[in-house]
Amino acid sequence: MLESVFKLAKLVEELQSEPDQHSFFDFLHDSQCWIERTLSGVLDQSIPLETQEQQMKLMHELKKRQSLVIKVQSMGGKLAEENFGNKDLCAEIRKQIRDIGQKMSDLNEVVQQKMNDELRTFRCGHTERLDRESSLRRISDQFCSSCWPLASQVQANKLCQDGDRIRRTPVTADNEDTAVEYYKISDRVLRYALKEHNIKLEIRSIEKIKNPVLDKKLFNVYNEMHKKDCVPELLFHGTTRKNAEMIIQNGFKVGNSGMFGAGIYFATDSTKSAQYCRGTGIKSLLLCDVLLGKTMVCDAPKTSLTLEQVRTAGYDSVFARRNSKKKGGVLNDEYIVYRAEQATPRYLIKFGSECSIL
Ligand SMILES: [Zn+2]
Numbered sequence: 001m002l003e004s005v006f007k008l009a010k011l012v013e014e015l016q017s018e019p020d021q022h023s024f025f026d027f028l029h030d031s032q033c034w035i036e037r038t039l040s041g042v043l044d045q046s047i048p049l050e051t052q053e054q055q056m057k058l059m060h061e062l063k064k065r066q067s068l069v070i071k072v073q074s075m076g077g078k079l080a081e082e083n084f085g086n087k088d089l090c091a092e093i094r095k096q097i098r099d100i101g102q103k104m105s106d107l108n109e110v111v112q113q114k115m116n117d118e119l120r121t122f123r124c125g126h127t128e129r130l131d132r133e134s135s136l137r138r139i140s141d142q143f144c145s146s147c148w149p150l151a152s153q154v155q156a157n158k159l160c161q162d163g164d165r166i167r168r169t170p171v172t173a174d175n176e177d178t179a180v181e182y183y184k185i186s187d188r189v190l191r192y193a194l195k196e197h198n199i200k201l202e203i204r205s206i207e208k209i210k211n212p213v214l215d216k217k218l219f220n221v222y223n224e225m226h227k228k229d230c231v232p233e234l235l236f237h238g239t240t241r242k243n244a245e246m247i248i249q250n251g252f253k254v255g256n257s258g259m260f261g262a263g264i265y266f267a268t269d270s271t272k273s274a275q276y277c278r279g280t281g282i283k284s285l286l287l288c289d290v291l292l293g294k295t296m297v298c299d300a301p302k303t304s305l306t307l308e309q310v311r312t313a314g315y316d317s318v319f320a321r322r323n324s325k326k327k328g329g330v331l332n333d334e335y336i337v338y339r340a341e342q343a344t345p346r347y348l349i350k351f352g353s354e355c356s357i358l
């Protein structure tokens, strides 16, 4: 679609020195159709604006189309000058120039509004506005921020009665009770697999993890967060198969070092984390509930960051924003917490992998 806009823009440019009526109305018609198609696509969501990539793609196309429309408008302007004797034609051209400009700005407004209006729906049935500052990928659909404190309390009490036994439930596509969950999690893994990581993820199994001891710690640490209206987010953590089992049994351990200090690192892109699933054969990827609390955005590395510094600054976690590589930052979103209690493994995804290039 973009290439055709480029070609059109070039054609219009060539024609601008000798504008003719037919090509002006042709180009005008092309842009009108594109605007109408895009508008209805955005409204009926056949043009999704769910991820940052999708949004950026549409913004890019809008920009290209905008510059084409400006060229067509100036072509119309010249055409009107050359035909100033033909009053009807001039009036029609001027009207069309105004209309297409108006349509373009209407479309821009709708797209902007759509992007700001995305709501996330939680299992409790409530909705909350999406946080546009951070990534959309970390969504967990458990409870909204007003239900979470109570729900976590109920859950913690229930866990006390159930004992501390770790429960691992297979989540499969052919079991009626788990099929929806299976597709939700596998979609989450496959949708955010990035080509540039050259890892082809083949999901072999998904297990739901409940470690009551870790869950209780997660619920308790909630009370110490700087931000009160927060819920745990689902994020990926990649490590060796052996380490993944240790984490399921005993929880996370804060690392010794890293780009953003000694913390526990999580990603929103499955393949980003899968890079750390070292070893041969079947590998283990964890999808974890992570309580981010108030998040400090970092665009450049801070290898000496500590829990104390982060907390003193009034934050509970660090968000290394994607596409900040130029400033020394990262290519893919990363979230870092500095207390082991802020994360608990929720799903264990076993996968086979092959490098798609090698
Ligand atoms: Zn709720």
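For the sequence shown, the UniProt record's numbering begins at 1 and goes up steadily by one. The C-beta atom is built at its ideal place from N, Cα and C for all residues, glycine as well. Because the structure is a prediction, the values reported are computed rather than measured.
message = Does the beta-carbon of H226, which I'm using as the reference point, lie nearer than 6 Å to any heavy atom of ligand 1?
response = One-based indexing of the sequence shown puts residue 226 at position 226. Not a single heavy atom of ligand 1 lies less than 6 Å from the C-beta of H226.
task = Tell me L235's beta-bridge partners as DSSP assigns them.
result = Residue 235 sits at position 235 when you count from the first residue of the sequence shown. Beta-bridge annotation (DSSP): L235 is paired with C288.
ask   = Taking the C-alpha atoms as reference points, what is the distance between V349 and I209?
value = On the sequence shown, position 349 is the one that residue 349 refers to. On the sequence shown, position 209 is the one that residue 209 refers to. Position check: residue 349 holds Ile in this sequence, whereas Val was assumed. Their Cα atoms are separated by approximately 10 Å.
request  = Look up I357 in the DSSP assignment and say whether it is helix, strand or coil.
outcome  = Stepping through the sequence shown from its first residue, residue 357 is reached at position 357. Unreliable positioning characterises I357 in this predicted model, as indicated by a pLDDT of 42, which lies under 50. The coordinate reading is nonetheless provided below. DSSP, read as helix, strand or coil, puts I357 in coil.
message = With DSSP as the reference, identify every bridge partner of G352, one or two as the case may be.
response = If you number the sequence shown from 1, residue 352 lands on position 352. In the DSSP assignment, G352 forms a beta bridge with E202.
key: Within 7 Å, strictly: CB atoms of A262 and G238   = Along the sequence shown, read from residue 1 onward, the residue named residue 262 stands at position 262. Along the sequence shown, read from residue 1 onward, the residue named residue 238 stands at position 238. Cβ atoms of A262 and G238: not closer than 7 Å.
query = Cα separation between L358 and K200?
reply = For this step, residue 358 is matched to residue 358 along the sequence shown. For this step, residue 200 is matched to residue 200 along the sequence shown. Unreliable placement is indicated for L358, whose pLDDT of 38 sits below 50; the coordinate value is still reported in the next sentence. Going by C-alpha positions, L358 is about 11 Å away from K200.
message = I'd like to confirm something about C144: is its beta-carbon nearer than 6 Å to some heavy atom of ligand 1, or not?
response = Along the sequence shown, read from residue 1 onward, the residue named residue 144 stands at position 144. Yes.
query = Can you give the Cα-Cα distance for N250 and R165, rounded to whole angstroms?
reply = The residue given as residue 250 occupies position 250 in the sequence shown. The residue given as residue 165 occupies position 165 in the sequence shown. Spanning the two alpha carbons is a distance of roughly 12 Å.
task = Would you mind working out which of D174, Y265, A193, R65 sits nearest S205, comparing C-alpha positions?
result = Taking the first residue of the sequence shown as 1, we reach residue 205 at position 205. For the residues D174, Y265, A193, R65, the minimum Cα distance to S205 belongs to D174.
key: Same chain only: Cβ atoms within 6 Å of S356, ignoring 5 sequence neighbours per side   = Within the sequence shown, numbered from 1, the residue matching residue 356 stands at position 356. Summary for S356: the model assigns pLDDT 44, below 50, so the residue's position carries little reliability; its value from the coordinates is reported in the next sentence. Excluding sequence neighbours, S356 sits near N198, K200.
ask   = Name the DSSP beta bridge partners of C298, please?
value = One-based indexing of the sequence shown puts residue 298 at position 298. For C298, the pairing in a beta bridge is given by DSSP as A320.
message = Less than 7 Å between CB atoms is the rule here; does R241 satisfy it with respect to chain D?
response = As a matter of chain content, chain D is missing from the structure shown, which is built from one protein chain.
ask   = Considering only C-alpha positions, which residue in the set L107, M75, N157 is nearest to L43?
value = Position 43 of the sequence shown, counting from 1, holds the residue named residue 43. It is L107 whose Cα lies nearest to the Cα of L43.
query = What do you get for G76, buried or exposed, if any count of 16 or more other CB atoms within 10 angstroms of its CB means buried?
reply = Taking the first residue of the sequence shown as position 1, residue 76 is located at position 76. With 16 or more other Cβ atoms inside 10 Å of its own Cβ, G76 counts as buried.
query = Considering only the beta carbon of each residue, do Y335 and L235 sit closer than 7 Å?
reply = Your numbering for residue 335 matches position 335 in the sequence shown. Your numbering for residue 235 matches position 235 in the sequence shown. Cβ distance < 7 Å, so Y335 and L235 count as in contact.
message = If you reduce the DSSP assignment to three classes, tell me which class K208 lands in.
response = The count along the sequence shown starts at 1 and reaches residue 208 at position 208. Residue state, collapsed to three classes: strand.
query = Around the Cβ of N220, are there at least 16 other Cβ atoms within 10 angstroms (buried) or fewer (exposed)?
reply = Here residue 220 refers to the residue found at position 220 of the sequence shown. Exposed.
query = Between H29 and ligand 1, is the CB less than 6 Å from at least one heavy atom?
reply = Here residue 29 refers to the residue found at position 29 when the sequence shown is read from its first residue. Every heavy atom of ligand 1 is 6 Å or more from the Cβ of H29, so no.
ask   = Around the C-beta of R218, are 16 or more other C-beta atoms found within 10 angstroms, so that it is buried, or is it exposed?
value = Counting from one through the sequence shown, the residue named residue 218 turns up at place 218. Reading the sequence as shown, one finds Leu at residue 218 and not Arg. Only buried fits L218, as 16 or more other CB atoms lie within 10 angstroms of its CB.
inquiry  = Suppose the cutoff is 6 Å on Cβ atoms and the five residues either side in sequence are ignored; what does the same chain contact list for W148 look like?
reply    = Taking the sequence shown and counting its residues from 1, the one referred to as residue 148 is at position 148. So the list reads V231, once near-sequence residues are dropped.
task = Give the range of the beta strand (DSSP E) segment to which R188 is assigned.
result = On the sequence shown, position 188 is the one that residue 188 refers to. In the DSSP assignment, R188 falls outside any beta strand (DSSP E) and within the unbroken alpha helix (DSSP H) covering 179-191.
query = For ligand 1, is there a heavy atom less than 6 Å away from the beta-carbon of C230?
reply = Counted from its first residue, the sequence shown places residue 230 at position 230. C230 Cβ: outside cutoff for every heavy atom of ligand 1.
inquiry  = Can you tell me where the alpha helix (DSSP H) holding E308 begins and where it ends?
reply    = The count along the sequence shown starts at 1 and reaches residue 308 at position 308. First-last of the alpha helix (DSSP H) with E308: 307-312.
request  = Let me know the secondary structure DSSP gives Y315 once reduced to three states.
outcome  = On the sequence shown, residue 315 is found 315 positions in, with the first residue counted as 1. Per DSSP, reduced to three states, the secondary structure at Y315 is coil, with no helix or strand assignment.
message = Can you tell me whether N332 is buried or exposed? The criterion is at least 16 other CB atoms within 10 Å of its CB, across all chains shown.
response = On the sequence shown, position 332 is the one that residue 332 refers to. With at least 16 other beta carbons inside 10 angstroms of its own, N332 counts as buried.
query = Do you know how far the Cα of F319 is from the Cα of L305?
reply = In the sequence shown, the residue the question calls residue 305 occupies position 305. In the sequence shown, the residue the question calls residue 319 occupies position 319. Put simply, the backbone Cα of L305 is about 13 Å away from that of F319.
key: DSSP-derived helix/strand/coil call for F84   = For the purposes of this step, residue 84 is taken as residue 84 along the sequence shown, with counting starting at 1. It is coil, neither helix nor strand.
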